[in-house]
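Colleague: Each residue of the sequence shown is one higher than the last, beginning at 11 in my numbering. The beta-carbon is built from N, C-alpha and C at its ideal position, and this holds for glycine as well. Quick one: the structure is below, and I'll ask about it shortly.
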Amino acid sequence: MYVYEWTEAPGLFIMISVTFLSTLLSGKDQGVSQPRGCLARSHLVHSKVIIWMVFTISMGFGIHPHLPTRFYDHDLPGYSGGLYFRGENERVASLVSRWMGKNVTSGIQLDYDKHSSRVRTPYVLNGDLRTILSYLWNDPADVKYERRWIASTSQDDPTPESIALDFAFPPSGHNPSQPVYLVLHGLSGGSNEGFVRDFVLHATSRNSTTAVLVARGLMDTKVEGPALFHGARVDDIDAAVQVLRTMVGPNGVIAGVGFSMGGIMLSNYVARSGEGCALNFAVNISGGLDMRQQVKFVRSKWLWQTFMAEGLRDFVLKRAWLKIENRVGKEAVSTLLRASNVMDIIEHGFYRYNSHKYENSNQFLAEMSAMGDYKSGKPSAQGRIARVNIPLLVIFALDDPVSSHRTLGAHPEEVVETGEGNVIMAITKRGGHVGWPTGIRPWTDGWKYMNEMALNFVESGVQEDLRFHLKGKHVMW
């Protein structure tokens, strides 16, 4: 990432320095030892140590515009980002043109990356800072939610579970002429996550109703049966979509928007649903499509996943220790408690608990991914991503320090050609993970860039649907 942002020598120096510091402070040890470092014990305060070390080192170097061609190329993407879509799909092409405000071709550079851009914050110099500073300085207003409970069953447990949907309405009340948004939060968050609140405030200001699906067991919700939360299950998403479809009727518009883990799960749901998907549009923000590739992202494992793992234990697994122990045993729970990163928690926790369904953790990761059965370069082996039947927008930054660019596939122009060409990829060179700070005073904008990009995409799609209906053309989604 640092080599990608700067020239080889400064970038390598920064990368080595930060890797050394993050390893020292996170107490990294082969995935099972008790984490000793500050990042594993505190999600916010102690992480500032690394943030300001990175910032101090970074200030000594300018941003270099060119992609390096020698050192560590195997860790870098083979492209510089851009907007990718299938131009032969008339409806996708017209949607993208309306969204961009002009006719565009696949592969164009997005405004966040342009050297003359006044969009991005100029003094936030790398993906680490674009990620963590967004969390530190963005504090959207509180949202008044109205919680409703829906029933959801799973193949693991036919007994219905009560799943929370947190609704937020426009100031004037529900407007049936506007899209309804189903929002999926991050890994250990909920409807109170900062970027979720920011999105909800933006959406309701545009007279749209939002419903945040709270993952089972989070925000102090109870799980009565044995089917605990895990990323490969899409039953709860489908239950929420069906409830919203009943609410808005067959002609209403429902768009799904997922952040990070929520984006991963949303994309998987859309791909698996195929023609039966009851959503009209979907937007995945900072979520990968093939999580098998995340295992190779060692830097994320050593730095970011250490304190993310603590959040997983505190907010996702803590209330279910007895159920986990009853199924996998005390020794396995002890190993899980010592896991120092997210991938190890998946290995020793989510996979182990569900090992009756999956042969290994790699299969678990494959099953939670829209491209989990995809093989690059083999048109006959596109897998379930080819079944996507609605416009699915993936917003991702190549300097994301949490999720590897490899989770998008090696060639975005190849991915958007799968199936009928309903996948659109908006990939920026810069932005971080659920970040994209904008302006000189980014705390006044919050997560405006990514959230408005998602809302504008959906609203452009609605307008294009109306235009095609008026022209008497068949709408395929």
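Identify every residue that forms a DSSP beta bridge with S172.
Modeller: In the DSSP assignment, the residues bridged to S172 are A161.
Colleague: I believe L403 touches A436 by the beta-carbon criterion, under 8 Å. Please report the beta-carbon distance rounded to the nearest angstrom.
Modeller: 6 Å
Colleague: Terminal residues of the continuous beta strand (DSSP E) containing M435?
Modeller: 433–438
Colleague: Could you tell me whether the segment 188–203 touches the segment 222–236, using the rule of 3 or more Cβ pairs below 8 Å?
Modeller: yes
Colleague: Which same chain residues end up closer than 6 Å to G445 when comparing Cβ atoms and leaving out the 5 residues on each side of it in sequence?
Modeller: R140, T141, S144
Colleague: My output table needs one value for E430: the three-state DSSP class, helix, strand or coil.
Modeller: coil
Colleague: Look at N351 and K306 and say whether their C-beta atoms are less than 8 Å apart.
Modeller: no
Colleague: How close, in whole Å, do the beta carbons of A249 and A161 come, if the pair is a contact with beta carbons under 8 Å?
Modeller: 7 Å
Colleague: Only counting the same chain, and skipping five residues up and downstream in sequence, which positions put a Cβ closer than 6 Å to that of G393?
Modeller: D383, Y384
Colleague: Using CA atoms only, rank isn't needed, just tell me which of L175, D166, Y191 is closest to E493.
Modeller: Residue 493 lies beyond the residue range present for the chain, which begins at 11 and ends at 487; the question has no answer from this structure.
Colleague: When we look at the beta-carbon of F360 and count the other beta-carbons within 10 Å, is it buried (16 or more) or exposed?
Modeller: buried
Colleague: Going by other Cβ atoms of all chains shown within 10 Å of its Cβ, with 16 needed for buried, is T169 buried or exposed?
Modeller: Under this definition T169 is an exposed residue.
Colleague: Quick one: which unbroken alpha helix (DSSP H) runs of 4-plus residues sit fully inside the segment 94–124? Chain order, please.
Modeller: 100–110
Colleague: The alpha helix (DSSP H) with L228 in it runs from where to where?
Modeller: L228 -> no alpha helix (DSSP H), and no H or E assigned at all.
Colleague: Can you name the residues that DSSP bridges to Y191?
Modeller: Note: Y191 sits in a beta bridge opposite T220, A265.
Colleague: In three-state terms, what does DSSP make of E234?
Modeller: coil
Colleague: So, is G97 buried or exposed, given that buried needs 16 or more other C-beta atoms within 10 angstroms?
Modeller: exposed
Colleague: Beta-carbon within less than 6 Å of I434's beta-carbon, same chain only, minus the 5 sequence neighbours each way: which residues are those?
Modeller: F95, L403
Colleague: Where does Q304 land, buried or exposed, given buried means 16+ other C-beta within 10 angstroms?
Modeller: Taking all protein chains in view, the Cβ of Q304 is crowded by 16 or more other Cβ atoms within 10 Å, so the residue is classified as buried.
Colleague: Report the three-state DSSP secondary structure of A281 (helix, strand or coil).
Modeller: In the structure shown, A281 sits in a helix (DSSP, three-state: H, G or I).
Colleague: Have a look at E369 and R362 and give me their C-alpha separation to the nearest angstrom.
Modeller: 10 Å
Colleague: Could you give the first and the last residue of the continuous beta strand (DSSP E) run that contains F291?
Modeller: 291–295
Colleague: Measuring CB to CB, does I274 end up less than 8 Å from M381?
Modeller: no
Colleague: Considering just the uninterrupted stretch of the alpha helix (DSSP H) at A342, what are its terminal residues?
Modeller: 340–348
Colleague: Quick check on K232: buried or exposed, where buried means 16 or more other Cβ atoms within 10 Å of its Cβ?
Modeller: exposed
Colleague: Look up L403 in the DSSP assignment and say whether it is helix, strand or coil.
Modeller: strand
Colleague: Within 10 angstroms of its Cβ, does S214 collect 16 or more other Cβ (buried), or is it exposed?
Modeller: The displayed chain sequence assigns Thr, not Ser, to residue 214. Flag for T214 reads buried.
Colleague: What did DSSP end up calling G92 once you bin it into helix, strand or coil?
Modeller: strand
Colleague: Check whether the Cβ atoms of R329 and G227 sit closer than 8 Å, and answer yes or no.
Modeller: yes
Colleague: Can you give the beta carbon distance from N148 to D208, rounded, assuming they're within the 8 Å contact cut?
Modeller: 7 Å
Colleague: With C-beta atoms as the reference, is Y122 less than 8 Å away from T438?
Modeller: Against a cut-off of 8 Å, the Cβ pair of T438 and Y122 comes out as a contact.
Colleague: Just reading off the alpha helix (DSSP H) that N372 is part of, what are its end residues?
Modeller: 371–377
Colleague: By the three-class DSSP mapping on this structure, what secondary structure does A380 have?
Modeller: coil
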